[in-house]
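Asker: Numbering (the numbering used here), first residue to last: 9 to 317.
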Ligand SMILES: [Ca+2]
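#1: From residue 287 to residue 237, what does the alpha carbon distance come to, in whole angstroms?
#2: So what does DSSP say about residue 70, is it helix, strand or coil?
#3: Assign residue 235 to one of two classes, buried (16 or more other C-beta atoms within 10 Å of its C-beta) or exposed (fewer than that).
#4: Mind pulling the beta strand (DSSP E) runs of 3 or more residues that sit fully within the stretch 237-261?
#5: What does the shell around ligand 1 hold, if a residue joins when its beta-carbon is under 5 Å from any heavy atom?
#6: Does DSSP put residue 110 in a helix, in a strand, or in coil?
#7: What does DSSP give as the partner residues of residue 194 in its beta bridges?
#8: Which same chain residues end up closer than 8 Å to residue 16 when comparing Cβ atoms and leaving out the 5 residues on each side of it in sequence?
#9: Classify residue 228 as buried or exposed, calling it buried when 16 or more other Cβ atoms lie within 10 Å of its own Cβ.
#10: Taking C-alpha atoms, which residue in 255, 269 and 274 lies nearest to residue 285?
#11: What are the start and end residues of the beta strand (DSSP E) that includes residue 165?
#12: According to the neighbour-count rule (16 or more other Cβ atoms, all chains shown, within 10 Å of its Cβ), is residue 186 buried or exposed?
#13: Which first and last residues belong to the beta strand (DSSP E) in which residue 212 is found?
#14: Please work out which residues of its chain come closer than 8 Å, Cβ to Cβ, to residue 209, disregarding the five sequence neighbours upstream and downstream, and give them in chain order.
#15: From 226, 132 and 166, pick the residue whose C-alpha is nearest to that of residue 279; which is it?
#16: Within a Cβ cutoff of 7 Å, which residues of the same chain sit near residue 3, ignoring the five residues on either side of it in sequence?
#17: Residues in the same chain with beta-carbon distance under 7 Å from residue 269, minus the five sequence neighbours each way, listed in chain order, please.
#18: Apart from the five residues just before and just after residue 172, which ones in its own chain have a Cβ nearer than 8 Å to its Cβ?
#19: Is the closest heavy atom of ligand 3 to the C-beta of residue 163 under 7 Å?
#20: By Cβ distance below 8 Å, which residues in the same chain neighbour residue 147 in space, the five residues on each side in sequence not counted?
#21: In terms of residue numbering, what span does the beta strand (DSSP E) encompassing residue 283 cover?
#22: Assign residue 179 to one of two classes, buried (16 or more other C-beta atoms within 10 Å of its C-beta) or exposed (fewer than that).
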């Protein structure tokens, strides 16, 4: 498999590309790029492999795209180890695909979580009104399909347009429930959130308050209830471990805001926030992954032999 790219290889590649053209619209471009004259077969195959991986998106439909491409390139490879390496990449892609989506938003300091799900015109003490001070409704993530969420946040916000704090907030304070949404004890100006179902939150009474003086901001996982306001902060523990926020059963909406007692209307700043949804059900058990990997190698080798005859 050294020397210049043989007409047989190019012809075989082209045939395969034509067969899957509808699904893999970039293939002909990759082939054109990879099969320039003077390249060895090994170079062509290696180029095809790396370009395939680079061009494929690891998420959503891109995963199917990646899987087909990697199997295609695995079929054409020379050694057990190069095939194995592709399967490893494929399995990483599989795990990556467990991230159902990422949404990036700016959560303004004036976002009052106690106006979550409340109709326009709803007022809150000392000047807050929906939708002007309503919290940010996260769109673009299937909250009800997610097992848990993770967050990352940067920026600073102020509860009084004077003292600014990062996403983890400043001094501890407590506040009570409002509009059927729980109170909490948390650091002022911190990034906080609340899950709702499709109902207006006033239709049932508020759950218990979470106390982040007791829970601390360094929890690894948190399982807030529907309508229970929870601390998010920068989304990481003090030792930079990404925290997991389990989605309560029945949740269809996530709102983000900042921690304050009253009067979000005089707040300032805000947080650039990334929200990632994770579907744990999509991550196979380690044993299944090994079986899948061995199966993929076997499949690829059987096809490679057939294909190269
Ligand atoms: Ca305020």
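All residues carry an ideal CB built from backbone N, CA and C; glycine is no exception.
Answerer: Looking at the coordinates:
#1: 22 Å
#2: Low local confidence applies: a pLDDT of 43 at residue 70 is under 50, so the model's placement there is unreliable, with the coordinate-based value given in what follows. Reduced to three states, the DSSP call for residue 70 is helix.
#3: buried
#4: 252-254
#5: 167, 268, 271, 274 and 275
#6: strand
#7: 181
#8: none
#9: exposed
#10: 255
#11: 156-166
#12: buried
#13: Taken as a continuous stretch (DSSP letters only), residue 212 belongs to no beta strand (DSSP E), as it is neither H nor E.
#14: 124, 125, 126, 187, 188, 189 and 235
#15: 166
#16: There is no way to answer for residue 3, as the model of the chain reaches only from 9 to 317.
#17: 181 and 183
#18: 164, 165, 166, 197, 276 and 277
#19: The model depicted lacks ligand 3 and carries ligand 1 instead.
#20: 111
#21: 276-286
#22: exposed
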